[in-house]
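Visitor:
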Amino acid sequence: MVDTLERTPEPRIADRRVRRLQRGDKYRLTALGGLAALSLDALSSVAYGPEAIVLVLIAAGEAAVSWTLPISIAIALLLLVLVLSYRQVIAVHPDGGGAYAVAKRHLGRWASLLAAASLVVDYVLTVAVSLAAGAASLASAFPALSDHLLLVTLIGLAVLTLLNLIGVAESAKVLMGPTILFVVLIFAIIAVGLFRWEPVTIGTDRTPFVAVEGLGVVLLLKAFSAGCSALTGVEAIANAVPAFRTPAVRRAQHTEVALGVLLGAMLLGLAWLIRQHHVVPRGEVTILAQLSAGAFGTGWLFYLTNLSVTLVLVLAANTSFGGLPVLLSLLAKDRRVPSLFGLRSERPVFRYGVAALAGLAAVVLLIVDADTHRLLPVFAIGVFIGFTISQTGLVRHWYRERGRGWVWRAVLNGFGAILTAVALVVLFAEKFAEGAWLLLIIVPALVINFARTEDYYGQVAQQLHLGRIPPRPNPDAANKALVVVPVVTMSEVTARAIEAALRMRGEIIAVAAEIDPASTKKLSAQWKRWDPGVPLKVLPCPHRSLVNTLVGYVRAQTQKGRAVTVLLAHMEADRWWHRPLHNPRGPVLTAALRARTDAVVATLAVRLD
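Under my numbering, residues 207 to 815 are what the sequence shown spells out, in order.
1. Consult DSSP for Arg602 and reduce its assignment to one of helix, strand or coil.
2. Tell me which residues share the same chain as Thr809 and place their Cβ nearer than 6 Å to its Cβ, disregarding the 5 neighbours each side in the sequence.
3. Could you have a look at Arg171 and say whether DSSP puts it in helix, strand or coil?
4. To the nearest angstrom, how far is the alpha carbon of Glu636 from that of Lys428?
5. Look up Arg213 in the DSSP assignment and say whether it is helix, strand or coil.
6. Go ahead and label Arg229 buried or exposed: buried means 16 or more other beta carbons lie within 10 angstroms of its beta carbon, across all protein chains shown.
7. Per DSSP, which residues does His776 bridge with? Please list them.
8. Quick check on Thr771: does DSSP put it in helix, strand or coil?
9. Taking buried to mean at least 16 other C-beta atoms within 10 Å of its own C-beta, is Glu472 buried or exposed?
10. Check whether the Cβ atoms of Leu742 and Ile715 sit closer than 9 Å, and answer yes or no.
11. Val613 to Gly620, Cα distance in whole Å?
12. By DSSP's criteria, Arg750 is part of a beta bridge. Which residues make up the other side?
13. Report the residue ranges of all alpha helix (DSSP H) runs contained in full by the region 420-495; include only those spanning at least 4 residues, in chain order.
14. Since Ser264 is in the beta strand (DSSP E), which residue starts that stretch and which ends it?
15. Grouping DSSP H, G and I as helix and E and B as strand, with all else coil, what is Leu549?
16. Alpha carbon to alpha carbon, how far is Ala816 from Ala317?
17. Would you say the region 275-289 touches the region 497-506, given that touching needs at least three Cβ pairs under 8 Å?
18. Who are the near neighbours of Ile721 in its chain, counting only those whose CB is closer than 6 Å to its CB and skipping five residues on each side?
19. Alpha carbon to alpha carbon, how far is Leu313 from Ile296? Give it in angstroms, no decimals.
20. Counting contacts by CB-CB distance shorter than 9 Å, is Val632 in contact with chain B?
21. Check Lys149 in the structure and name its three-state DSSP category.
22. The ligand MN and His460: does any heavy atom of the ligand fall closer than 8 Å to the residue's C-beta?
23. Let me know if Tyr662 comes out buried or exposed under the rule of 16 or more other beta-carbons within 10 Å of its beta-carbon.
24. Since I believe Leu325 is in contact with Gly304 (beta carbons under 8 Å), could you give me their beta-carbon distance rounded to a whole number of angstroms?
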């Protein structure tokens with residue numbers, strides 16, 4: 207006869223997101239879902255990338271705008287190099303981390319800290335740039351909003367923060383529709399604009415642009431560097447490979463390629479329209495709004511396009527909400543940021559990372575008053591630091607491995623590193639006086655902060671002998687144990703505290719401070735009649751301070767070599783609005799005992815119905 211054991215059913219996890227996370231990768235990202243959740247930053251950059259090129263070229267006169275297409279072709283070639291490079295990053299570092307992971311493994315501590323700092327700047331500014339550009343696009347269709355751009359961006363940031371607290375995979379479902387609509391409308395603008403163009407005057411009438419700078423190599427390099435802001439977000443997929451379904455590496459690589467194809471096609475198509483129809487800046491209307499008006503007129507399709515662009519630019523910040531918390535969790539694992547950034551909440555999201563990103567982005571938006579063009583110089587420079595470091599690290603990786611085909615891989619990554627480094631230097635030199643100098647403060651400050659945090663955790667680990675086997679516990683310690691129960695008055699709280707103390711090991715003693723002699727005398731009489739089997743010791747209290755009296759008594763006992771546990775009981779109200787009505791003595795005592803003694807502090811909550 208075989209006895210069967212009755213299995214106790216496992217407790218049901220309350221949050222459905224955690225249940226989904228534990229049921230395998232069915233609810234992780236597909237290639238299409240990853241394109242929606244992680245690529246909107248890159249795809250939506252066509253809303254401000256071509257415009258950044260035009261704003262530089264217009265300094266040489268309207269005729270110079272025709273160079274938008276050649277410059278866009280050069281940027282598309284760099285995009286091709288970056289996509290191929292990040293496919294390799296995904297394969298070599300399937301755990302995510304992007305430039306940080308590459309630098310950490312192949313370039314050493316300081317390079318990895320620099321990569322982490324640049325990525326943090328990139329992620330924060332991605333949110334700010336996307337929201338500011340989205341507000342500008344909305345104002346192009348609804349000019350009445352032009353004076354309220356900051357308010358619009360802050361509202362968008364609040365909504366986006368709440369959205370991302372549900373997790374990246376579920377956000378992908380929300381993002382799928384707007385992404386498809388945006389891509390379809392951009393390609394519709396290109397297709398219609400190539401064959402049918404209706405010049406429409408929107409915004410303020412423009413005046414002819416007078417050339418103030420000659421068209422030369424320097425200006426073309428400036429325009430190339432400015433247009434490279436369209437490449438932001440290419441690395442986001444490599445940073446979040448674990449978020450994809452199995453096989454995660456192959457799905458992430460497919461998503462990276464799809465991103466490159468779509469972004470390159472949109473960038474070149476819009477550049478062709480700008481050249482063919484001589485589109486130049488006009489008032490407070492974006493270049494993309496002018497292109498949509500020329501293709502569709504100012505009917506419902508025009509408004510749908512600009513609303514779609516606005517929505518996608520707002521949602522493009524989801525790339526940062528998906529990437530920065532993961533990066534911070536990796537840094538927390540390496541002890542380079544506080545450990546709380548590595549904690550997931552009861553929902554499967556890094557809540558502290560999401561909150562930190564939202565707060566920093568709000569500060570940036572307030573500082574620049576939601577002006578996209580004030581953000582782009584610093585934004586692009588931070589991106590190119592990460593690009594250059596990741597590709598340099600891969601060159602070293604291929605040189606060390608020397609596997610099959612390593613030479614062409616190293617050449618590809620080396621060529622990409624040179625291109626991005628050149629763009630970085632040119633952009634930094636040009637935009638230094640316009641705010642790029644701030645990076646000389648922000649990035650080193652982040653690097654130093656990461657390093658100091660890592661050093662601190664190293665010192666703590668050394669003092670606590672983390673990972674080492676400690677000596678055997680002293681069996682005589684139990685004989686020296688003392689359990690102290692502070693008592694103020696006779697109540698159910700006191701009774702529960704004594705009952706809990708009796709279940710603990712060691713000598714038990716109740717203590718009361720003689721703040722009011724009459725009350726203390728009454729308490730002593732009641733204690734004698736109750737006789738719980740635990741002595742009550744009345745401590746003199748000349749300064750009428752319960753905290754100092756108890757701390758002094760506990761410290762005196764620990765100095766005698768005794769192991770002291772202080773059991774603090776307190777009332778816990780059922781409703782939160784009743785809690786401020788109760789005496790907050792417990793938290794104050796807890797904080798004082800932990801800060802000023804070596805005692806173990808235990809708390810007992812007596813809940814009120």
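Where is the CB? At the ideal position from N, CA and C, for every residue including glycine.
Guide: So, from the listed chains and residues:
1. helix
2. Leu774
3. Lying before the first or after the last residue shown, residue 171 is absent from the chain, which here runs from 207 to 815.
4. 7 Å
5. Because the pLDDT at Arg213 is just 44, under 50, the model does not fix this residue reliably, and the point stays unresolved.
6. Confidence is the limiting factor: at Arg229 the pLDDT is only 49, short of 50, which leaves the residue's position unreliable, though a coordinate-based value still follows. Classification for Arg229: exposed.
7. Ala811
8. When DSSP states are grouped into helix, strand and coil, Thr771 belongs to the strand group.
9. Checking the sequence, you will find Met at residue 472 rather than Glu. Buried is the label assigned to Met472, since at least 16 other Cβ atoms lie within 10 Å of its Cβ.
10. yes
11. 10 Å
12. None; Arg750 has no bridge partner.
13. Those alpha helix (DSSP H) runs which fall completely within the region 420-495 and span 4+ residues are 423-433, 442-445 and 454-483.
14. The sequence given here has Ile at residue 264, not Ser. Counting along the chain, Ile264 falls outside any beta strand (DSSP E), and DSSP gives it neither H nor E.
15. In the displayed model, Leu549 falls within coil according to three-state DSSP, outside both helix and strand.
16. The question about residue 816 has no answer, for the chain in this structure spans 207 to 815.
17. no
18. So the list reads Cys747 and Arg750, once near-sequence residues are dropped.
19. 17 Å
20. The structure shown contains no chain B, having only a single protein chain.
21. As shown, the chain starts at 207 and ends at 815. That puts residue 149 outside it, with no answer to give.
22. The ligand MN is not part of this structure, which contains no ligands at all.
23. exposed
24. 7 Å
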